[in-house]
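>
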Amino acid sequence: MYIAEVNCGYPGYISHGKLHGSTFTYGRTVRYTCDSGYLLVGGSFSRRCQLSALWSGRKPRCAYYNSCASGPCKNRATCTNIPDHYQCTCTHNWSGKNCDVDIQPPVMMNCSVDKYITTEAIKNLVNWQIPSFTDPHNFAIKVTSNYPSNEFTFPWGDFKVSYTAIKPTNGFSTNCLFSIRLRQSYTVPRGVMMGHFYVCGASGTWMPSNTIPNCSVTAINVHATGGYRNGPSYLNCTGDRKEMQEDYIDKLSHSHFRHFCKNSNKNVFQKTCQCSVKRRCGINILL
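Quick note on numbering: full-length UniProt numbering labels position 46 of the sequence shown as 46, and the sequence is numbered without any gaps.
This is the structure in structure tokens:
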């Protein structure tokens, strides 16, 4: 009786690797290895000849596993070998397959905070600190602003100051934006009762808004109650002008407005204030 030996035949050659084992009959095993710089993937490390005359498992292949040796990852990125390829782990603000895409915007320092200013003057010179912009990747930066310098004479109102830094190499930008708000400050301290004083305000109206007395009309003394005192009476503005000035200066020097008058000269207040109510007074603050 003749018994045939089971032979599985040659299991196959692999590129960039070696086959170990020269007997391919039933029960025999072969194994594969790869050359330096290659990794065995996609099959079995070893294969056994089976009774069916077929090799177990699948024939593997040797994949290139040293792609990082060429230094494909840029800008201090970390390179990891993977079969037939590589993978880069980028540092901060670099991107792309090889970490050579700059995604770093300009870095800003010293952006001014919002300013809130109260002032009696209609226009005021305001200055601020110019922000600085840098690029950690050392590319050029172009800075623009909506004001030519770091100071400007503003009227009362709300204004925005903007500085924009653009990096032409990637189009990224950084903006410094802050507000400047100027408000009228009044001559009367907060909480002080104005009494008989009227102030020509920035709005072009007298404050308080009730009707300004017309000194061309004869005034009379009226009995006062509730803590108010009688004021002096004047028959006409022209004849009693000197007496009116002296009385005004005397009352002013003992009022909350005394800091306006550092000079005892009765002619100090010979100014004209024009308000939208179309009344003129011979002094800035009318008694």
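By construction, the Cβ of each residue, glycine as well, lies at the ideal position given by its N, Cα and C atoms.
This structure is a prediction, so every number in the text was calculated from the model and none was measured.
What is the DSSP secondary structure of R61, reduced to helix, strand or coil?
Working through the sequence shown from its first residue, we reach residue 61 at position 61. Here R61 sits in strand by DSSP.
> Let me confirm a value: D102 is counted as buried when at least 16 other C-beta atoms fall within 10 Å, else exposed. Which label applies?
As a working mapping, residue 102 is identified with position 102 in the sequence shown. It counts as buried.
> Straight-line CA distance for R76 to W55?
As a working note, residue 76 is residue 76 in the sequence shown. As a working note, residue 55 is residue 55 in the sequence shown. Using only the alpha carbons, I get a separation of about 47 angstroms.
> For P155, list the residues DSSP reports as bridge partners.
To locate residue 155, count along the sequence shown from 1; it is residue 155. Per DSSP, K123.
> I'd like to confirm the pairing. Which residues does DSSP put opposite H85 in its beta bridges?
Position 85 of the sequence shown, counted from the start, is the residue given in the question as residue 85. DSSP lists I82 as partners of H85.
> Would you kindly work out how many angstroms separate the C-alpha atoms of K18 and L39, rounded to a whole number?
For this step, residue 18 is matched to residue 18 along the sequence shown. For this step, residue 39 is matched to residue 39 along the sequence shown. Roughly 12 angstroms between the two C-alpha positions.
> Looking only at C-alpha atoms, which of R183, A63, Q104, S36 sits nearest to F139?
Within the sequence shown, the letter at position 139 stands for residue 139. Checking every option, the nearest Cα to that of F139 belongs to Q104.
> Return helix, strand or coil for S36, following the three-state DSSP convention.
Your numbering for residue 36 matches position 36 in the sequence shown. Here S36 sits in coil by DSSP.
> Between the C-alpha atoms of V143 and Q245, what's the straight-line distance to the nearest angstrom?
The residue given as residue 143 occupies position 143 in the sequence shown. The residue given as residue 245 occupies position 245 in the sequence shown. One C-alpha to the other measures close to 58 angstroms.
> Within its chain, find whatever has a CB closer than 7 angstroms to the CB of G157; leave out the 5 residues flanking it on each side and keep chain order.
The residue labelled residue 157 in the question sits at position 157 within the sequence shown. So the list reads L182, once near-sequence residues are dropped.
> Between which residues of its own chain and I130 is the CB-CB distance below 6 angstroms, once the five residues before and five after are set aside?
Residue numbering aside, residue 130 sits at position 130 when the sequence shown is read from its first letter. These residues qualify, in order along the chain: N150.
> For G21 and T29, what's the separation of their Cα atoms in angstroms?
In the sequence shown, residue 21 corresponds to position 21, counting from 1. In the sequence shown, residue 29 corresponds to position 29, counting from 1. Rounded to whole angstroms, G21 to T29 spans 7 angstroms at the Cα level.
> Using a threshold of 7 angstroms, state whether the C-beta atoms of L51 and Y26 are closer than that.
For this step, residue 51 is matched to residue 51 along the sequence shown. For this step, residue 26 is matched to residue 26 along the sequence shown. In this structure, Y26 lies closer than 7 angstroms to L51 by Cβ.
> Would T153 pass as a contact of A165 if the rule is Cβ separation under 7 angstroms?
Counted from its first residue, the sequence shown places residue 153 at position 153. Counted from its first residue, the sequence shown places residue 165 at position 165. Result no, Cβ atoms of T153 and A165 do not sit closer than 7 angstroms.
> Are W94 and S112 close, meaning C-beta to C-beta below 7 angstroms?
For the purposes of this step, residue 94 is identified with residue 94 of the sequence shown, where counting begins at 1. For the purposes of this step, residue 112 is identified with residue 112 of the sequence shown, where counting begins at 1. No, they are not a contact pair.
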